[in-house]
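Only one structure is covered here, and it is reproduced in the block below.
In my numbering, the protein residues as written are 44 to 190.
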């Protein structure tokens, strides 16, 4: 399977420009949970005339079609996850790194709590300090000092 293939079925009816194809290729298998700015910086290196609007519109279309999850777990910027299958996340409170967690963890709501809701999913976030930040803290080198 070529890069971008698993996201392609979410693009039916979209004009597939080289820029949009490059966005798909960047997202395919990307475990970094990039922001729109991250995608733009990576793809504009190859397509310098591409606009930010192309990235934002492509990400929004993929999100609406179920190809991307939009994560609001970083208060500074939205992040995108090209894995729309149910999973949870570990989030480093120091560097904001996000790691996928694939566990079968279900929460059952009491019937009276969810009486008027059609539950379509849930998301659990685990917060802590990643190994890299723990190591840097142990050596006295804070990640935000390097940035």
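Backbone N, C-alpha and C fix where the C-beta goes; we use that ideal spot for every residue, glycine too.
Proximity to residue 72 across 142, 173, 177 peaks at 142, based on C-alpha coordinates.
Per the Cβ contact rule, the segment 157-170 is in contact with the segment 125-140 (3 or more Cβ pairs under 8 angstroms). Distance from the CA atom of residue 78 to the CA atom of residue 179, rounded to whole angstroms, is 25 angstroms. Boundaries of the beta strand (DSSP E) around residue 141: 141-144. Distance from residue 109 to residue 127 at the Cβ level is roughly 6 angstroms; contact confirmed, criterion being Cβ atoms closer than 8 angstroms.
For residue 112, the uninterrupted beta strand (DSSP E) segment begins and ends at 112-114. The shortest CA-to-CA distance from residue 118 to any of 139, 92, 184, 112 is the one to 139.
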